[in-house]
Structures are given as structure tokens and as C-alpha cells.
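Chains as they are written, first to last, in the numbering used here: chain B, 511 to 1139; chain D, 5 to 380. All C-beta atoms in this analysis are idealised placements derived from N, C-alpha and C, irrespective of residue type, glycine included. These numbers were taken from a predicted model, which means no experiment stands behind them.
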């Protein structure tokens, strides 16, 4: 590693030399086909936000249907045309809305939007690198993602509408174009889009891993990396190992759909007509899908965990409690997440013995999650807490993670899952634990690193309003859903009018819809704050949050290569906040121990005997001086 | 896009307020009205923001400190904690009472016990952690006078809170594992009542065995307009099978549901009995349970004379997924037998014609029907 670091420095000087020429970049190479990781991060973020707004609007549309199943809204016909005849969303389009909402939120917002933005922005800046290992591949990663987004959205413009078999697209429903309108061209576009998406995700992931492993600055060993980097690094590894399996699953599905193979299909009679498929198994697809699908939820939540850890430490002015435990629990989650996928399939007809095994592994994964939660609480304990909007969102993330995580203990238990599977209990669970928690982690990151991205500050008061309204409304939306699930109300139902037992939930549904509408309207406050602050926000200082990490040692004005001079050397871990004896309540990673003799602790020199000797000498002179006095 | 969404939001309200007329005309004035309200709210927020800013500035001009936003946030945190706790309590009592009644099956009681234990344990953690979270936020809000307590780690306490959840989870896993095995690995008994449940878009087909207690085999290749399930009539056991519309179950008898789907995946969901299993094309599965409470008893218990047990689809299966149900009635053994005797055989006249049984097998099938009639 040391040789690589030296090499990097040699390259650095070269970069600096060439820096003068970078100024006259064309518009196209600066803003569009940019190879600068900071610009690519912004591209990911703004595309991610756009997709999030679209998916949010879709969710409001189907919430309207659930709240007012018997009312007609002529405007819907005006806006949606054939998808909403006579002022009501059609059942098929309702399922399309649910499907595309889920797909966009899980993949395009919380995977690409979250990892894409913060891995691109933070990895080079926080490990001390001039750019990603392969800037060109990084650019490709964004443009594949962009293409995937466009194709996914274009499916709204095909005759029969977008894919509508649920975001999990289980065959045979998704494999038989005659089974539902959305399984026609809409599903084809979905599959193409996802293949491109996985390609994008892989190119990004390989870049993130190689940058973290090979391009850290001098002194930045793995145990000096901020938790954001650890989280993004492990997330990238998860993505690299899990996403190709989805491609395998998708390719076999494409074969079944267009070539006539029977990987997933067998013994099918559709509308009274026998289909020529034999010997396949629909369960096979579920195994392949969830082999990605479960790591995927950790791909979604781990960056949010990393961001929240960092933001909470900075704003509590306290080191993150149990840094090593935090890293080991992330590693534990990464490893375990590969052997729990079967808990999505307890009642699919999978061998019940397998169900028992998956239940054991699933409940084990709750242990590292619990450790993380307790460590966050301990980080706040006796802190000196500053409530920036970023801090509030990080706290919100923790609150949601607890609320949603605990219901996971119900669903991970095969016995309880019998009655809870595919009900609103599940909807409530994952919207809290990976939906709301992850999006709050992402928003925490946006508020925290906005000054780094755009050189300006976002409006704090508007941030406060955004946080509280969103936080309260999210709980109002998802908390009552648990009880609907406990009453056996299934998800993905177009209306609850057909069952006497479900009609009593209509008032709750109306309430939930209005909470969702208020939450959605609140997001326009955020959008206003975000886009206006890019151009008119208060100018940021170099280190506005008085943070220790490396990204705040770069100048406010962006330059290709990040640091104007040499890349700074790192001497200490990133969490020396409120260290007793130090002048300020933070000591950046670039400050050597020799400059902070008064605050050094024996613990800081565990693997450095010379330093420990220095410290002992220093403390003994200090004592001697006192005795003289 | 922003405008479009506003219109949508407004429309929700617009549709709710004015009288509904059948003419699908867009009520643009109504929409404009709601858009206007939204902009007025935005304006209000902006005005309040400006007032606060001016107030803040005047305070500063007077040499005071300005609004202490940090303290304001800390106070909101603690207020949120109390309001949130009350809200959670309210939700638990109000909506919690709307959930499913007690389990109407033998294994369901065990599931409910498991559920209660898990709820108690998780709710303790829920309330303790949320209370700690928001109290810490209030208690340790920023003050210039002090510094945070430098505490990077503490191995003892970290071990404690790794091992404690591990122990609790082990208990849950062990209980869950054995309950699960017991529910899913139930032995097949001789007097199990076999019921065939087949899902297709968008209905359930029910088939009961006749006197022999055995369901005839099925093959999807044999499906025709009259033989919807593709029952194989080369086997004798098929002849006395019954086609049934409502699922009647005798109380306290072991039931074995044989579950299959024809086109896409469906899911047999009977929440009152804590029964659920997917119906997968090409993969026959079964679920065994024993109903313990009759429909009549449940009606008295719930004080709802219209109450019915239901079986419905719980796996997305297409446009009418939301309306794919069967009524289930749990009755006494005597009622069950009398109901059974009134059911028609699966092998009806149309099917007989189709299979050319009319000529060749007339006598045989006639005999079977007679026997059925005699036995009842």
C-alpha cells in the first residue's frame, strides 16, 4: 500500500502541472460528460432527486385511489388519459403505479441516488484522492444510469402502460404478456432498464472499491477511514457481488418471455388455454431475485447509516461511540445479508426446513443492527448537540431505523410471517426501516455536504420546517399501517371496498393519504431551498461544521484534482471531537500528534511505541513542572 | 412538474368538497381555488420566516443573542417525544382494537402467543430507545459553557449490548423455529379432510373428495371448458369428487388444503385461521390446520351477525387481484355432513358429454352417482 501511496503522489504533481489547462473545459466536458467525481456526484444527486419527485407523485396518485375509491376526479382523466378512464385510476394502472413507485424508489433513488451521489463525492475527498480510480468508467456509470432512468420512465408512454407485476416482478405474472397489460412492452422496457442499471451500478461499485483500496492518501489506513467511507465501501462490495445475480435472473426471464424457454414456467393454463411450458419453477426466480433483493435493502440502508454516524458525531461534538464495533457490525451485516434472502419466501411453497434455517440467520442479523442503534444513542449521550438540519435528519434516520427495525423481528420469524406476509404490516415495516430511514440518511447527507458540493449554504430554518413536517407525516403515514396488516389487509389491493372486513379501514386510509399529501407538499419546500441555495445561498466557509474529515481541507472553489498543492497526510482517526486538553473541540485528521501534545492519550499510540515514549516523556515533564511549582 | 402536482393535490380536495356530478368535466375553478390556497400557505410560511428574521435582527441590534434556534429544536424534540408517545398509545388502543380477533385454529393460538411475546419484548425496546433518543437530544443540547464528554468506546458496555439482544433473539429464534416446524411438518392423518384449492385469474376453485375421501389426480393438459381443473377421469377416485362454491369446514377436524395455481402465483390467505401459503403453478403445496371456532360462535363473540371467515388472494396476480375471495364457514360436524350431501359432483353432465362418457361409461358413472345418493 505504501508504494501505491508514493506513486499517487508522483501522479499528483503531474496533475497539478496539467491543472492550468483544465480551466478552459468546454461546457460539454465540464457539465455533461464530466469525468470529475464531484460533478458526477451532483449529476447523480439531481437525477436522483428528479426520480424521487416522480416516484413521490406516483405514490400520491395511488394514495388518492386508496382514500377515495368511489369518487371520480375528472382531472385524472385529463392528466392520465386512458390510464384513468371516467376520472378513476384503472386497476391495472394502479398496479403499474405501485410497481414503478417501488422500482424507482429502491433502485433509482436509494441505490443510485444515494450511493452514486455520496460515494462519488465523498470517497475521493475523504480518503484523500485526486479523483476516482477510473474517471472515465465513472462517467459511463452515470450515463448508463441516466439511460436506465429514461427507459424506465418511457414505459409510461407505451400503449399498455408500464410494468405492473410489483417491483419484485415475479413470473409467471411478469413472464406472460397476456396475464396483465403491464407484462407486455412495459415489462420489456423494465427489464432492459434494469440491465442497464446493473451495468451502471457495477461500474460505479468497482470504481468505489478500487479507489478506497488503492488511492488512500499517506497515513490513511483502513482504521482511520470515516464511517461514511466504510459504509460506502462495503455497500459497493455488496452491490458487486449481488447485482450480477439479478442480471442472471432477468436474462432468464427475458428468455422465457421471448425465446420460449421454461426456466420459470411450468403447467400453466392461462384463460383456459394450455401454455407449452414445462419443467420450470417460479420459485427459482424468487431465489435469484431475493439473492440480490435482500442485500439490496442493505445497499440502501448502509450508506444512510454511514452518513448518519458521521453527521451525528460531528454535531454532537463527540467521537462516534465504538468506532470498531460500528465497522465490525457493518461487516457483519454485509456478510449476513447474503444468507437471509429466504425470509422473503417463507410462505412461497419453499421447503419449510429451509424456512427454519433462514429464520435463524435473519434474526442473527438483528444483533449488529441493535449494536449500531445503541452506539448511536451512546454517541448522543453527554454530547454537545448542535441541531443543524443534517443532524435532525440523521436523528430521524435513527428513530425510523428503530421503529421499522423492530417490526423486522416479527417478519423474520417464519411463524409470525405466515399471517403477516404481504400485508400492510410489511409495507409499514420496510417503508420505515429502509424507505424513510434511508431517505432521511440521504437528506442528512445533502444538507451536510451541500456546502462542499455547491460552495453555498442551504437555508437552515427552511430545513427545520422540512424536517419536522416530513418526520411527523412519515410516522402518521406508516404507523397506522401496522394495524391494518395485523387485521389481515393485503398490500397491492386496488380498493378495500370489496371486503366487509376491510371497509372499516377507509377512514384510516383517507387520513394516511392526507398525511402523505402534506409530506409531499413539504418536499417542494426542500426543492425550493435546494435549487435556490445553489445560486443564491450564503457563501460557505471552508469548514462550516468544524469537522475533522479530509474533505473540509479542500478549497471551497472546486478544482479538478481537489487539493491545489500536495494531498494532505493523515495522522489520526476522524473522530477526535471534544478531546480533553485540546484547544478547539475538534482536531482535523491532518493535525499530527506532535502538535497536540496536551491532548494526546496513551490509547492514540497503541501501535506506535516511539510515539508512546514521547507522550510519556511529555507527561512526566508536565508532572515534574507541576511539582516544581 | 411542480405546477402539475399542485393541481393533483388540489384535485384530491376539489373532488372531495363540491357535489359530485356525473359529467366528467374538470372543475377548473375548484382546482384554481386549491392551488391558490397552496400558494397562500407558501406565502404565509415565507412571511412568518421574514418576521422571524427581522425579530432575530432586532434582538441582535439590541445587543442580545437572537433566537436560540438550537434550544428551540431541543424543545421541539422533547415535545415531540411526549406527543409521539401519546400518539403511539392512542394508535395502539384505537387501531389496535380493530385488528383480527383471536385465532380460530389450533396452531393459530400458538402463533398468537408467539406474537404477544414478541410484541412485549420489542415494545419495551421501542419505548426505551425512543425515550432515550429524544431525552438525550433535549438534555445534551448545545451549550457554549461545556464540552462534550470524550468517550470513544467502552468495551464492557459494548459487550453487554451485543450479548443481551443476542440472548433475546436466541429465545425468539428457538421458540419460533420449533413452532414453525410443528405447524409446517404436521403428519398426514387418515381422517384428514382433503380440500383442493386452485387459484386462477381471478377466482378460487374448490373441490372436495367424495365418499372415498381421496381427491382424483389433476393434470393441466386435461383442462377444458367443462373440466376447469383438469381432473383425470382415468382414475376411479375422480368420479365422486365434489365441486363446491363455499368452503365449509367441520369444527375441530384436521383440514388439509391442497393448494395449486393454474396461471400465475396466487396466495391462499385465511387470516382468521393464521393460514397462508402461495399457490404456485407447477408446484403443488399443502397447508394443514384445525379450525376451532365456528362461524356462529365467532359471530356471537364479535357481536357481528354478518361476520364471515374469508379466504382471499394475497399475492399480486393481475387487475382484479383485489377481489378474489371465497367465503369460509366453520360449522358443526352434523351441519357439515348435511351440507356435503347437498353438493353436486364435479363430473357434471357437460363434462360427461365432453368426455364421451355418455355412451361408454354411462353405467359406471350412473352407478357411482347412485352409490353416492344411497350413502347419504
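Neighbouring residues, chain B, relative to residue i (Cβ below 7 Å)
i, result
"residue 177 (chain D)", "869, 870 and 873"
"residue 147 (chain D)", "894"
Contact list for residue i against chain D, beta-carbon separation under 8 Å
i, result
"residue 1026 (chain B)", "Those within 8 Å of residue 1026 (chain B) in chain D number zero; the least Cβ separation is about 10 Å."
"residue 690 (chain B)", "322 and 323"
"residue 913 (chain B)", "130 and 134"
Beta-carbon proximity list for residue i, same chain, < 6 Å, skipping 5 on both sides
i, result
"residue 7 (chain D)", "Annotation note: pLDDT 42 at residue 7 (chain D) (below 50); position unreliable, coordinate value reported separately. Closer than 6 Å at Cβ, skipping near neighbours: no residue."
"residue 234 (chain D)", "222, 223, 224, 226 and 227"
"residue 471 (chain B)", "Beyond the ends of chain B as shown, which are 511 and 1139, falls residue 471 (chain B); an answer cannot be given."
"residue 1078 (chain B)", "1063 and 1100"
"residue 248 (chain D)", "210, 212 and 347"
"residue 896 (chain B)", "825"
"residue 1023 (chain B)", "573 and 577"
"residue 531 (chain B)", "Because the pLDDT at residue 531 (chain B) is just 47, under 50, the model does not fix this residue reliably, and the value given afterwards should be weighed accordingly. Cβ neighbours of residue 531 (chain B) beyond the five flanking positions: none."
"residue 992 (chain B)", "935 and 938"
"residue 1028 (chain B)", "983"
"residue 611 (chain B)", "565, 568 and 569"
"residue 647 (chain B)", "713 and 717"
"residue 312 (chain D)", "331"
Segment limits, alpha helix (DSSP H) that includes residue i
i, result
"residue 614 (chain B)", "Careful: residue 614 (chain B) lies outside any alpha helix (DSSP H) and carries neither H nor E."
"residue 1174 (chain B)", "It is not possible to answer for residue 1174 (chain B), since the shown part of chain B is limited to 511 through 1139."
"residue 750 (chain B)", "737-768"
"residue 188 (chain D)", "159-188"
"residue 707 (chain B)", "695-724"
"residue 902 (chain B)", "899-921"
Where residue i meets chain B, residues with beta-carbon distance less than 9 Å
i, result
"residue 247 (chain D)", "The contacting residues do not exist; residue 247 (chain D) stays about 17 Å from chain B at best."
"residue 200 (chain D)", "Going along chain B, no residue has its Cβ under 9 Å from residue 200 (chain D), so there is no contact; the nearest lies around 15 Å."
Residue range of the unbroken beta strand (DSSP E) whose run includes residue i
i, result
"residue 317 (chain D)", "313-317"
"residue 984 (chain B)", "Premise fails: residue 984 (chain B) lies in the alpha helix (DSSP H), 970-996, not in any beta strand (DSSP E)."
"residue 265 (chain D)", "259-265"
"residue 687 (chain B)", "Element bounds for residue 687 (chain B): n/a, residue is neither H nor E."
"residue 634 (chain B)", "Unbroken run through residue 634 (chain B) is the alpha helix (DSSP H), 627-637; no beta strand (DSSP E)."
"residue 240 (chain D)", "Note, residue 240 (chain D): premise wrong, no beta strand (DSSP E); not H, not E."
"residue 290 (chain D)", "289-293"
Those residues which DSSP pairs with residue i across a bridge
i, result
"residue 271 (chain D)", "D:282"
"residue 200 (chain D)", "D:211 and D:262"
"residue 254 (chain D)", "D:335"
"residue 779 (chain B)", "B:784"
"residue 145 (chain D)", "B:895"
"residue 109 (chain D)", "D:295"
Within chain D, partners of residue i - CB distance below 9 Å
i, result
"residue 905 (chain B)", "81, 137, 138 and 141"
"residue 971 (chain B)", "53, 56, 57 and 73"
Within chain D, partners of residue i - CB distance below 7 Å
i, result
"residue 1077 (chain B)", "Within chain D, no residue comes near residue 1077 (chain B); the closest Cβ sits about 26 Å away, beyond 7 Å."
"residue 929 (chain B)", "115, 275, 278 and 280"
"residue 764 (chain B)", "Those do not exist, as residue 764 (chain B) stays about 18 Å from chain D at its closest Cβ, beyond 7 Å."
"residue 1051 (chain B)", "Going along chain D, no residue has its Cβ under 7 Å from residue 1051 (chain B), so there is no contact; the nearest lies around 19 Å."
Beta-carbon contacts of residue i that lie in its chain and below 7 Å, excluding the five residues immediately before and after
i, result
"residue 25 (chain D)", "Low per-residue confidence applies at residue 25 (chain D): pLDDT is 44, beneath 50, and the placement is therefore not dependable, though the value from the model is reported in the following sentence. Nothing listed; no residue qualifies."
"residue 742 (chain B)", "625, 628, 629, 632, 633, 718, 813 and 816"
"residue 686 (chain B)", "693 and 780"
"residue 702 (chain B)", "661"
"residue 1030 (chain B)", "566 and 570"
Within chain B, the residues that residue i reaches when beta carbons sit closer than 8 Å
i, result
"residue 314 (chain D)", "1009 and 1011"
"residue 262 (chain D)", "Near residue 262 (chain D) there are no residues of chain B at all, since even the closest Cβ is about 12 Å away, more than 8 Å."
Exercise. Would you be able to state if there are at least three C-beta pairs under 8 Å between the region 589-602 of chain B and the region 709-718 of chain B?
Key: Result no; under three Cβ-Cβ pairs closer than 8 Å.
Quiz item: Counting Cβ pairs, one atom from each stretch, are 3 or more of them under 8 Å apart for the region 728-743 of chain B and the region 814-833 of chain B?
Solution: Touching, yes.
Self-check item: Any 3 or more C-beta pairs closer than 8 Å across the region 929-944 of chain B and the region 882-899 of chain B
Solution: As far as the Cβ criterion goes, the region 929-944 of chain B does not touch the region 882-899 of chain B, which means the pair count is below three.
Quiz item: Between the region 949-963 of chain B and the region 1000-1013 of chain B, do three or more beta carbon pairs fall short of 8 Å?
Solution: The region 949-963 of chain B, when compared against the region 1000-1013 of chain B, does not touch it at the 8 Å Cβ threshold.
Self-check item: Validate contact between the region 674-688 of chain B and the region 626-636 of chain B using beta carbons, cut 8 Å, 3 pairs
Solution: In the pairwise beta carbon analysis, the region 674-688 of chain B is classified as not touching the region 626-636 of chain B: fewer than three pairs are separated by under 8 Å.
Quiz item: Counting Cβ pairs, one atom from each stretch, are 3 or more of them under 8 Å apart for the region 776-790 of chain B and the region 743-752 of chain B?
Solution: For the pair of segments examined, the region 776-790 of chain B was found not to touch the region 743-752 of chain B: the number of CB pairs separated by less than 8 Å stays below three.
Self-check item: Three CB pairs or more closer than 8 Å across the region 282-290 of chain D and the region 252-265 of chain D
Solution: With three or more CB-CB distances shorter than 8 Å, the region 282-290 of chain D counts as touching the region 252-265 of chain D.
Quiz item: Is the region 792-810 of chain B close to the region 853-871 of chain B, with three or more CB pairs under 8 Å?
Solution: With a cut-off of 8 Å on Cβ pairs, the region 792-810 of chain B is in contact with the region 853-871 of chain B, counting three or more such pairs.
Quiz item: Three or more beta-carbon pairs under 8 Å between the region 297-305 of chain D and the region 972-985 of chain B, yes or no?
Solution: Result no; under three Cβ-Cβ pairs closer than 8 Å.
Quiz item: For the 8 Å Cβ check, are there 3 or more pairs between the region 323-337 of chain D and the region 1011-1022 of chain B?
Solution: Taking a cut-off of 8 Å on C-beta distances, the region 323-337 of chain D does not touch the region 1011-1022 of chain B, as fewer than three cross pairs fall below it.
Exercise. For the region 992-1002 of chain B and the region 93-103 of chain D, state whether three or more C-beta atom pairs, one from each stretch, are separated by less than 8 Å.
Key: Yes: at least three Cβ pairs fall under 8 Å.
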